[in-house]
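**Q** I am attaching a structure below and will ask some questions about it afterwards.
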Amino acid sequence: MKSFLKKKEQQPTAESTPEKGGKPEEGPATSPAATAAASFDEEDDGGGGGGRNLFGKKKSGKKQQQQVESYDDEEEPSGKKSKKQSSDGGGRRRRCTCKRLLCASLCLAVLASVAVVVWRYGPWSKGNASVSSLSIESECPDCCNGLKSNCALPVNEVLFPMVHRAHSSYDNGFVHAHNNKGFEEALLAGYRALQLSTCTCERFLSAILLERDEEWGLGNSNLGFCHQACGLGVRDPKDVLTNLKTFVETNTREILIIELDMGEGSSADLRKALRKSGLLDYAYRPQDQYFIDEWPTMKQLIDDNARVLLFGRGDGTGSCPAYDCDDGIQYAGDHFARTATDGSDLDSCAPAELPGEATAGYFLMNHFENGAMKMPSPRKARELNSYQMLEARMEACGDARTPNLLAVEFWDEGDLLEFAEIENSRKNREGGEYASSGSEEEGGEDAAPDLRRG
122 MKSFLKKKEQ
132 QPTAESTPEK
142 GGKPEEGPAT
152 SPAATAAASF
162 DEEDDGGGGG
172 GRNLFGKKKS
182 GKKQQQQVES
192 YDDEEEPSGK
202 KSKKQSSDGG
212 GRRRRCTCKR
222 LLCASLCLAV
232 LASVAVVVWR
242 YGPWSKGNAS
252 VSSLSIESEC
262 PDCCNGLKSN
272 CALPVNEVLF
282 PMVHRAHSSY
292 DNGFVHAHNN
302 KGFEEALLAG
312 YRALQLSTCT
322 CERFLSAILL
332 ERDEEWGLGN
342 SNLGFCHQAC
352 GLGVRDPKDV
362 LTNLKTFVET
372 NTREILIIEL
382 DMGEGSSADL
392 RKALRKSGLL
402 DYAYRPQDQY
412 FIDEWPTMKQ
422 LIDDNARVLL
432 FGRGDGTGSC
442 PAYDCDDGIQ
452 YAGDHFARTA
462 TDGSDLDSCA
472 PAELPGEATA
482 GYFLMNHFEN
492 GAMKMPSPRK
502 ARELNSYQML
512 EARMEACGDA
522 RTPNLLAVEF
532 WDEGDLLEFA
542 EIENSRKNRE
552 GGEYASSGSE
562 EEGGEDAAPD
572 LRRG
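With the first letter of the sequence shown counted as 1, position 231 gets the number 352 in this note's numbering; the numbers rise by one all the way through.
Have a look at this one:
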């Protein structure tokens, strides 16, 4: 038995046996995992090596294998460990870089937003438009809207040059404005019809952009003159209505036609502001007429000091008897035929909206078109507002009804004022003559006009 044990002790162990074709490893180069495996073998077979018991059978190595794997997890071979560390380090660096880029992008976005808000709603946001005086210099004290021949004409037979969305201008701080300059300058230049849109602003914008005058009853109002979004530009109602009233009050031989396109929820405050402004003191209010078959002459309106014709639509405004329309605002749908507003019929004179011959005293020709990206375009306006284009559009009417309101955008571009003056000078009823038709009427300047149209 002793000889057997002696022989067994002399047998080389798995740790000391060199690999095939190699030399035995020297020193403590054995890995902890291998050492652990050997120690488990010794515990199982009484210090004998080889991983087999005395009967030559393989031992159950489940517990041993788990322990070895745990050691392998704790310390991997240097090659794998360095590769894994390199991979983890690269991933961490990429994640850090992405986080930095994200943080930088968010900071830039916040700074850009702050800059836009400051630019858009700072003290300078209301624009730099200023008019020192709204008084026009007239060399003809007996003229009506610039021409003596206009005085004998019914107001709905005079051609009124009109500014579309007159509240919207770059001078008044609007984004994508419909005009370069404000309507005040347009009035001084010779325009006598305005289309204005009202809206209800967001409350936080109202506090920044609107005066909200308590005396006008607008202390809690969000009323503004804008088209849809106040954030793209808005004018204060007190400012707009005060300037309109000042112009009418100062220039006693001038007649204005104003169309109010009332946005949802804005009509009540608008009417309140109109009453406070004093502009309604000059509004034309027909007496005892359900439909207006014959409109007064320009001279009659001036004599009666009823020199503002108000028309409105939107926000629940509907048809009303002419003598009983609230605040003297006639329903535009009762009195206006009009062409399309999208520029789809610029070579036509056919109205897209026609309320009926009985009440359509006015024919509004919309003569504007958006440019690229559906935005208002000064370049387009320069082309459309030229004398040649206006003349061609008017000639397209032929023998049909011709417009008495001609609306453009970027009013300071082109030749509409000159064109309207020439067109109106042809309509001369002085002495009973109507130059455009060559017909004669009895009775002179105050004779009842023939309002029938071909």
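From the three backbone atoms N, C-alpha and C, an ideal C-beta is built for every residue, glycine too.
Asp-424 by DSSP, collapsed to three states: which one?
**A** What you label residue 424 is simply residue 303 of the sequence shown in a count that begins at 1. If DSSP states are grouped into helix, strand and coil, Asp-424 belongs with the helices.
**Q** What is the DSSP secondary structure of Val-252, counted as helix, strand or coil?
**A** If you number the sequence shown from 1, residue 252 lands on position 131. Val-252: coil per DSSP, three-state reduction.
**Q** Around the C-beta of Lys-495, are 16 or more other C-beta atoms found within 10 angstroms, so that it is buried, or is it exposed?
**A** Here the question's residue 495 lines up with position 374 in the sequence shown. It counts as exposed.
**Q** What ranges does the beta strand (DSSP E) occupy inside the stretch 477 to 543, keeping only unbroken runs of at least 3 residues that lie completely in it?
**A** For the stretch 477 to 543, whole beta strand (DSSP E) runs of length 3 or above, ordered along the chain, are 483 to 487 and 526 to 529.
**Q** Quick check: the stretch 305 to 325 against the stretch 341 to 356, are at least 3 beta-carbon pairs closer than 8 angstroms?
**A** Short answer: they touch.
**Q** Going by Cα to Cα distance, which pick from Thr-373, Asp-536 and Phe-346 is closest to Leu-381?
**A** Numbered from its first residue, the sequence shown carries residue 381 at position 260. It is Phe-346 whose Cα lies nearest to the Cα of Leu-381.
**Q** Tell me whether Asp-334 sits in a helix, a strand or coil according to DSSP, three-state version.
**A** Numbered from 1 along the sequence shown, position 213 holds the residue referred to as residue 334. Coil at Asp-334, not helix or strand.
**Q** Over what stretch of residues does the alpha helix (DSSP H) that includes Arg-392 continue unbroken?
**A** One-based indexing of the sequence shown puts residue 392 at position 271. Unbroken alpha helix (DSSP H) run through Arg-392: 388 to 398.
**Q** Only counting the same chain, and skipping five residues up and downstream in sequence, which positions put a Cβ closer than 7 angstroms to that of Leu-475?
**A** Position 354 of the sequence shown, counting from 1, holds the residue named residue 475. Excluding sequence neighbours, Leu-475 sits near Ala-458 and Ala-481.
**Q** Within the same chain, show all residues whose beta-carbon is closer than 7 angstroms to that of Ala-443, passing over the 5 residues directly before and after it, in chain order.
**A** Counting from 1 along the sequence shown, the entry for residue 443 is found at position 322. Pro-407, Gln-410, Tyr-411, Phe-412, Ile-413 and Gln-451.
**Q** Whole angstroms are fine: how far does the CA of Gly-340 sit from the CA of Arg-313?
**A** Here residue 313 is taken as the residue at index 192 of the sequence shown, counted from 1. Here residue 340 is taken as the residue at index 219 of the sequence shown, counted from 1. Their backbone Cα atoms lie some 31 angstroms apart in a straight line.
**Q** By the three-class DSSP mapping on this structure, what secondary structure does Asp-263 have?
**A** Position 142 of the sequence shown, counted from the start, is the residue given in the question as residue 263. DSSP places Asp-263 in coil when its eight states are reduced to three.
**Q** Within its chain, find whatever has a CB closer than 6 angstroms to the CB of Lys-178; leave out the 5 residues flanking it on each side and keep chain order.
**A** Here residue 178 corresponds to residue number 57 of the sequence shown, with the count starting at 1. Unreliable positioning characterises Lys-178 in this predicted model, as indicated by a pLDDT of 47, which lies under 50. The coordinate reading is nonetheless provided below. Within the same chain, Lys-178 has no close Cβ partners at all.
**Q** Quick check: what's the CA-CA separation for Gly-399 versus Arg-522?
**A** Within the sequence shown, the letter at position 278 stands for residue 399. Within the sequence shown, the letter at position 401 stands for residue 522. So the alpha carbons of these two residues sit roughly 35 angstroms apart.
**Q** Please specify which runs of the beta strand (DSSP E), each continuous and at least 3 residues long, are wholly inside the stretch 322 to 388, giving them in chain order.
**A** Within the stretch 322 to 388, the complete beta strand (DSSP E) runs of at least 3 residues are 344 to 346 and 377 to 383.
**Q** Considering only the beta carbon of each residue, do Glu-332 and Asp-292 sit closer than 7 angstroms?
**A** For the purposes of this step, residue 332 is taken as residue 211 along the sequence shown, with counting starting at 1. For the purposes of this step, residue 292 is taken as residue 171 along the sequence shown, with counting starting at 1. For Glu-332 and Asp-292, no; Cβs fall outside 7 angstroms.
**Q** Could you tell me which residues DSSP puts in a beta bridge with Cys-320?
**A** Here the question's residue 320 lines up with position 199 in the sequence shown. Answer is Gly-345, bridged to Cys-320.
**Q** Would you check if the stretch 429 to 443 and the stretch 504 to 517 touch, i.e. whether three or more CB-CB distances between them fall below 8 angstroms?
**A** The answer is no - the stretch 429 to 443 does not touch the stretch 504 to 517, with fewer than three Cβ pairs under 8 angstroms.
**Q** How big is the Cα-Cα spacing for Leu-395 and Ala-389?
**A** In the sequence shown, counting from the first residue as 1, residue 395 sits at position 274. In the sequence shown, counting from the first residue as 1, residue 389 sits at position 268. Each residue's alpha carbon lies about 10 angstroms from the other.
**Q** Near Glu-530, which residues of its chain fall below 8 angstroms by C-beta distance, leaving aside the five closest residues on each side in sequence?
**A** Position 409 of the sequence shown, counted from the start, is the residue given in the question as residue 530. Only Val-284, His-285, Arg-286, His-299, Asn-300, Phe-489, Pro-497 and Ala-502 meet the Cβ criterion.
**Q** Taking only three categories from DSSP, how would you classify Gly-433?
**A** Counting from 1 along the sequence shown, the entry for residue 433 is found at position 312. Reduced to three states, the DSSP call for Gly-433 is strand.
**Q** Quick check: what's the CA-CA separation for Ser-546 versus Gly-384?
**A** Residue 546 sits at position 425 when you count from the first residue of the sequence shown. Residue 384 sits at position 263 when you count from the first residue of the sequence shown. Those two C-alpha atoms are separated by around 37 angstroms.
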